[in-house]
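Asks: Have a look at this one.
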Amino acid sequence: MNLIDELRTLDMRDPGRWPLAIRAFFVLVVFVVCAGVAWYLLVWNEDRPVLQKAEADELDLRAQFENKQQRAANLDAYRAQLAEMERSFGAMLRQLPGKTEVPNLLVDISQTGLAAGLQEKLFQPGNEKSNGFYAELPIKIRLVGSYHQFGAFVSGIAALPRIVTLHDIQIAPVDKGAFDNLTMDVTAKTYRYIEDEGGGKPAAKKKTGGSTT
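Okay, structure coming up:
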């Protein structure tokens, strides 16, 4: 009689009469099932939150690694871009006159109008306005001439080696019908680089009391 025939002849109501090998097999099966259930309830359920947290931490660390890896791959490009920005910034600073160069720049602006054939009726520098590392100096200008001369003046201002911008431009005829004789009111602005001038003004000396003999 083979094993299958023996299983068919087993009396499920009287397991005590089963052969020893079959009883041992079923006991082993029951033990494995009970051990699996106990492991699931006592170990898996308790450790599952820890495992989930570890998986979440792994995903976060992986994302951080990929982000840092991408930054490292672009590091050379960032350095080149920073160097280019520093060169551009330095070139812009070189276009801002220092404190001692402003008077010469004002002369250059005035001479630009005269060189264009314009009559200078007003040339009035205003008060400087500080804007961080640079100061803005407005100059009110009134010129008399023709459209062609005004164009030559604007072109000459643009060709100056220092930064000068023109604002609030107003053009009107000097007399009614005199289209070749015009007045232009404009505010020119130049920008001065604020240099380190020694950290401020020196403190005033205190007067000593008492009379001298």
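According to our numbering, the sequence shown holds residues 162 to 374 in order.
Every residue, glycine too, gets a C-beta built ideally from N, C-alpha and C.
#1: Beta-carbon within less than 7 Å of D269's beta-carbon, same chain only, minus the 5 sequence neighbours each way: which residues are those?
#2: Cα-Cα, which of Y295, I332, F311, H309 is closest to T114?
#3: Who are D346's beta bridge partners in DSSP?
#4: Can you look up F340 in the DSSP assignment and give me helix, strand or coil?
#5: Return helix, strand or coil for Y354, following the three-state DSSP convention.
#6: Applying the 10 Å Cβ sphere with the 16-neighbour rule, what's the burial state of A224?
#7: Pick out whichever of E297, A313, G306 has its Cα sitting closest to the Cα of T273.
#8: Identify which residue in V211, F340, S291 has its Cα closest to the Cα of S307.
#9: In chain order, what residues of the same chain lie with their CB nearer than 6 Å to the CB of I332, ignoring the 5 residues before and after it?
#10: In terms of residues, what are the limits of the alpha helix (DSSP H) holding L321?
#11: Check for me: the beta strand (DSSP E) holding L266 runs from which residue to which?
#12: Compare the beta carbon distance of E297 and K290 with 9 Å and say whether it is the shorter of the two.
#13: Do G287 and P299 come within 9 Å of each other at the CB atom, strictly closer than that value?
#14: What are the residues that DSSP puts in a beta bridge with K290?
#15: Taking the C-alpha atoms as reference points, what is the distance between V347 and A244?
#16: Return the CA-CA distance between K229 and Q213, expressed in angstroms with no decimal places.
#17: Report buried or exposed for V325, applying the criterion of at least 16 other Cβ atoms within 10 angstroms of its Cβ.
#18: Report yes if the C-beta distance between A349 and F311 is below 9 Å; otherwise report no.
#19: Excluding five sequence neighbours on each side, which residues of the same chain lie with their C-beta closer than 8 Å to the C-beta of L275?
#20: Would you report the Cα separation of F192 and A234, rounded to the nearest angstrom?
#21: Using the beta-carbon count (16 or more within 10 Å), is L220 buried or exposed?
#22: Helix, strand or coil: how does DSSP classify L279 here?
Replies: The answer reads as follows:
#1: Taking the first residue of the sequence shown as position 1, residue 269 is located at position 108. Same-chain partners within the cutoff: L321.
#2: Nothing about residue 114 can be read from this structure; the chain reaches only from 162 to 374.
#3: Within the sequence shown, numbered from 1, the residue matching residue 346 stands at position 185. According to DSSP, D346 bridges with R303, Q331.
#4: Taking the sequence shown and counting its residues from 1, one reaches residue 340 at position 179. Three-state result, F340: coil.
#5: Taking the sequence shown and counting its residues from 1, the one referred to as residue 354 is at position 193. Y354 falls in the strand class under three-state DSSP.
#6: Sequence index remark: in the sequence shown, residue 224 carries index 63 (1-based). By the 10 Å Cβ count, A224 comes out exposed.
#7: As a working note, residue 273 is residue 112 in the sequence shown. Checking every option, the nearest Cα to that of T273 belongs to A313.
#8: Looking up residue 307 in the sequence shown gives position 146. Among V211, F340, S291, the Cα nearest to that of S307 is on F340.
#9: On the sequence shown, residue 332 is found 171 positions in, with the first residue counted as 1. Excluding positions up to five away in sequence, the list reads L343, M345.
#10: As a position in the sequence shown, residue 321 is number 160, starting the count at 1. Here L321 belongs to no alpha helix (DSSP H), and DSSP marks it neither H nor E.
#11: By one-based count along the sequence shown, residue 266 stands at place 105. It is not in any beta strand (DSSP E) - L266 instead sits in the alpha helix (DSSP H) that spans 263-276.
#12: By one-based count along the sequence shown, residue 297 stands at place 136. By one-based count along the sequence shown, residue 290 stands at place 129. Result yes, Cβ atoms of E297 and K290 sit closer than 9 Å.
#13: Counting from 1 along the sequence shown, the entry for residue 299 is found at position 138. Counting from 1 along the sequence shown, the entry for residue 287 is found at position 126. Taking 9 Å as the Cβ cut-off, P299 and G287 qualify as a contacting pair.
#14: For the purposes of this step, residue 290 is identified with residue 129 of the sequence shown, where counting begins at 1. Beta-bridge pairing links K290 to E297.
#15: What you label residue 347 is simply residue 186 of the sequence shown in a count that begins at 1. What you label residue 244 is simply residue 83 of the sequence shown in a count that begins at 1. Using only the alpha carbons, I get a separation of about 38 Å.
#16: Numbered from 1 along the sequence shown, position 68 holds the residue referred to as residue 229. Numbered from 1 along the sequence shown, position 52 holds the residue referred to as residue 213. Answer to the nearest angstrom: the Cα atoms are 24 Å apart.
#17: Numbered from 1 along the sequence shown, position 164 holds the residue referred to as residue 325. Buried is the call here.
#18: Here residue 349 refers to the residue found at position 188 of the sequence shown. Here residue 311 refers to the residue found at position 150 of the sequence shown. Contact: no.
#19: For this step, residue 275 is matched to residue 114 along the sequence shown. Here the set comprises E281.
#20: As a working note, residue 192 is residue 31 in the sequence shown. As a working note, residue 234 is residue 73 in the sequence shown. When rounded, the distance between both Cα atoms is 56 Å.
#21: Here the question's residue 220 lines up with position 59 in the sequence shown. Label assigned to L220: exposed.
#22: Along the sequence shown, read from residue 1 onward, the residue named residue 279 stands at position 118. Here L279 sits in coil by DSSP.
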